[in-house]
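Numbered by this note's numbering, the letters in the sequence shown go through residues 537 to 958 in order.
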Amino acid sequence: MKVDVLLGLQWGDEGKGKVVDVLTPDYNVITRFQGGANAGHSLEFNGQKHVLHLIPSGIFHDKAINIIGNGVVLDPAIFKIEVDEIVTKFNIKVSEKIHLAKKANLILPTHRMLDGAMEAEKGDHKIGSTLKGIGPAYTDKIGRNALRIGDILAPNFLEKYNAIKKGHLKTLSLYNFEFDLESLEKEWFEGIELLKKFKFIECEHVINKYLTDGDKKILAEGAQGSLLDIDYGSYPFVTSSTTICAGACTGMGIAPSKIGEVKGIFKAYCTRVGSGPFPTELFDENGQKLRDIGNEYGSTTGRPRRCGWMDLVALKYAVQLNGVTELIMTKADVLDGFDTIKLAVAYNVNGELVEDFPYDIENIVEAVYKEFKGWKTDISKIKAESEFPVELSEYIAFIEKETGVPIKIVSVGPDREATIIR
Ligand code: GDP
Ligand code: IMO
Ligand code: MG
537 MKVDVLLGLQ
547 WGDEGKGKVV
557 DVLTPDYNVI
567 TRFQGGANAG
577 HSLEFNGQKH
587 VLHLIPSGIF
597 HDKAINIIGN
607 GVVLDPAIFK
617 IEVDEIVTKF
627 NIKVSEKIHL
637 AKKANLILPT
647 HRMLDGAMEA
657 EKGDHKIGST
667 LKGIGPAYTD
677 KIGRNALRIG
687 DILAPNFLEK
697 YNAIKKGHLK
707 TLSLYNFEFD
717 LESLEKEWFE
727 GIELLKKFKF
737 IECEHVINKY
747 LTDGDKKILA
757 EGAQGSLLDI
767 DYGSYPFVTS
777 STTICAGACT
787 GMGIAPSKIG
797 EVKGIFKAYC
807 TRVGSGPFPT
817 ELFDENGQKL
827 RDIGNEYGST
837 TGRPRRCGWM
847 DLVALKYAVQ
857 LNGVTELIMT
867 KADVLDGFDT
877 IKLAVAYNVN
887 GELVEDFPYD
897 IENIVEAVYK
907 EFKGWKTDIS
917 KIKAESEFPV
927 ELSEYIAFIE
937 KETGVPIKIV
947 SVGPDREATI
957 IR
């Protein structure tokens with residue numbers, strides 16, 4: 537038995553939440569392995585829409601166990617808001633269905649303050665962080681200065697917390713930044729009390745035992761996307777975790793040989809929230825049309841997402857970094873009604889045609905496009921591939937040929953049901 541991984545191949549928001557929810561009936565365990573509440577994973581079913589930030593997207597299916605793996609940075613205050621909302625809205629017994637890795641790191645209130653202070657200091661060069669404390673929390677993890685979920689039960693937890701907080705306040709005193717630590721701490725400690733009701737696990741042992749016993753199918757749910765990866769994304773405009781498939785190994789405690797299918801998900805076009813280079817970004821009415829039809833506003837921050845055409849150079853790069861074995865294309869319906877659809881097949885860098893994703897994409901002069909004829913059908917009601925307009929089939933076939941990977945799922949709407957498995 538191996539762990540299948542589903543992860544984003546662009547700048548996040550590819551529709552991971554929706555598709556994990558669709559795939560969950562085939563699995564027994566869904567695991568998050570990196571990131572934190574910077575993620576916003578939307579699901580729609582039975583006319584209800586819900587956005588998850590820390591809780592894995594298998595939570596709405598009865599039999600699935602949902603694990604928050606050791607690679608995640610967890611803010612107890614945000615976790616509590618999420619849990620309370622799910623209990624109220626759906627009456628799900630979350631404490632039985634979510635297990636927490638002891639080695640997952642905690643985001644402290646002062647991490648959020650540091651995130652805000654450091655972003656403000658950057659002025660025009662800001663990363664466009666979701667301000668959830670992600671960067672400072674991973675900084676402390678790598679700096680060997682962090683609190684982990686397993687520490688919550690230790691008798692000296694408060695002492696450790698206060699020591700880290702003291703260090704953060706020293707740093708914060710260098711910034712001119714307003715904050716209300718008292719109210720942040722109140723919510724945080726309420727969150728800590730809630731966490732104690734959940735099962736703490738040694739994720740690496742539990743998952744490896746599932747694999748050895750062979751009775752549980754596991755799907756790892758990525759957050760963010762490959763182009764936001766700390767090493768291979770558009771640095772420094774990235775997040776602070778390993779979003780590519782390698783992160784699933786360290787983020788759950790499994791060996792690379794234990795990875796099964798790698799399901800790479802991408803939108804039929806591209807979006808990005810926050811700052812940083814975006815070679816196929818559209819500033820014209822087509823960009824606005826994608827934003828309006830695709831409802832491209834951040835699930836976590838509500839910010840308008842920057843929109844542009846599909847970027848095959850970036851997609852091939854992400855396929856390679858992750859060893860993608862199956863592709864999933866979402867939001868194909870958003871392209872309904874465009875006369876022409878464009879797809880970047882190369883970059884023109886100072887007059888030279890480049891097909892390998894370059895070190896510096898900020899200096900890309902222009903994306904080189906191949907044009908496709910659009911389709912005029914409403915594909916959102918389509919139930920089978922046989923009903924695809926020929927233009928959509930051609931678009932799909934081209935991407936499959938160029939990446940060398942089959943597109944196994946085409947998503948044509950936000951609802952669970954609007955999914956075509958090929
Ligand atoms: P995630 O972060 O990858 O889970 O993606 P988000 O949930 O942040 O953003 C994806 C958005 O697109 C959400 O609003 C989804 O409800 C919506 N969505 C997902 N798949 C489709 C699709 O095939 N068509 C349309 N129109 N919307 C979709
Ligand atoms: P999901 O899982 C899209 C972006 C932020 C910012 C940069 C760094 O929903 O796809 P951070 O808060 O991590 O310090 O922000 O990364 N970002 C995302 N963009 N989807 C996400 O998650 C994101 N998580 C972070 O906008 O540009
Ligand atoms: Mg999202």
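Backbone N, C-alpha and C fix where the C-beta goes; we use that ideal spot for every residue, glycine too. Just so you know, these numbers come straight off a predicted model, no measurement behind them.
| Check | Outcome |
| --- | --- |
| Relative to the C-alpha of Met672, which residue among Ser793, Ile801, Cys843 and Ser777 is closest? | The amino acid occupying residue 672 in the given sequence is Pro; Met does not appear at that position. With distances taken between Cα atoms, Pro672 lies closest to Ser777. |
| Between which two residues does the beta strand (DSSP E) holding His635 run? | Ile634 to Ala637 |
| What separation, rounded to the nearest whole angstrom, lies between the Cα atoms of Phe908 and Asp872? | 13 Å |
| Taking a cut-off of 5 Å, which residues have a beta-carbon closer than that to any heavy atom of the ligand MG, in chain order? | Asp549, Gly576 and Ser835 |
| Keeping to the same chain, check which residues put their C-beta closer than 7 Å to that of Asp687; ignore five residues upstream and five downstream. | Phe693 and Lys696 |
| Taking 7 Å as the cut-off, does the CB of Asn574 come closer than this to any heavy atom belonging to the ligand IMO? | yes |
| Buried or exposed for Val926, going by 16 or more other Cβ atoms inside 10 Å? | exposed |
| First and last residue of the alpha helix (DSSP H) that includes Asn698? | Phe693 to Leu708 |
| To the nearest angstrom, how far is it from the Cα of Gln570 to the Cα of Gly576? | 13 Å |
| Within a Cβ cutoff of 7 Å, which residues of the same chain sit near His589, ignoring the five residues on either side of it in sequence? | Ala573, Ala575, Gly576, Ile614, Glu618 and Thr836 |
| Can you look up Met846 in the DSSP assignment and give me helix, strand or coil? | strand |
| Please list, in chain order, all residues of the same chain as Ser578 whose beta carbon is under 6 Å from its beta carbon, the five residues on each side excluded. | Gly553, Val587 and Ser835 |
| Mind checking whether Asn606 and Gly727 have CB atoms under 8 Å apart? | no |
| Can Glu618 be considered in contact with the ligand GDP, in the sense that its beta carbon sits closer than 7 Å to one or more heavy atoms? | no |
| How many angstroms separate the CA atom of Cys806 from the CA atom of Gln824? | 13 Å |
| Hey, could you find the ends of the alpha helix (DSSP H) Ala784 is sitting in? | Ala782 to Thr786 |
| Could you pull out every residue in the same chain whose Cβ sits closer than 7 Å to the Cβ of Ser916, ignoring the five residues on either side in sequence? | Asp869, Val948, Gly949 and Ala954 |
| Find the nearest neighbour of Lys633 within the set Val623, Lys722 and Thr939, judged by alpha-carbon distance. | Val623 |
| Using CA coordinates, which residue listed in Arg952, Ile780, Ile663 and Thr866 is at the minimum distance from Val541? | Ile780 |
| Using alpha carbons as the reference points, say which of Val556, Pro561, Glu621 and Phe626 lies closest to Pro592. | Val556 |
| Alpha carbon to alpha carbon, how far is Gly551 from Asp820? | 24 Å |
| Using the C-alpha atoms, what's the distance from Gly758 back to Cys739? | 16 Å |
| Note down, one range per segment and in chain order, each alpha helix (DSSP H) of at least 4 residues found wholly within the stretch 621-662. | 630-633 and 645-658 |
| DSSP state of Leu826, grouped into three classes? | helix |
| Going along the chain, which residues of its own chain have a beta-carbon closer than 6 Å to the beta-carbon of Leu863, five neighbours each way excluded? | Gly800, Val941 and Ile943 |
| Quick one: give me the first and last residue of the beta strand (DSSP E) that Val556 is part of. | Element bounds for Val556: not the beta strand (DSSP E) but the alpha helix (DSSP H), Lys552 to Leu559. |
| Is it buried or exposed for Ala854, if we count other Cβ within 10 angstroms and need 16 for buried? | buried |
| Count the other CB atoms within 10 Å of the CB of Arg958; is the residue buried (16 or more) or exposed (fewer)? | exposed |
| Could you check which residue in Ile766, Asp660 and Asp751 has the C-alpha nearest to that of Thr675? | Ile766 |
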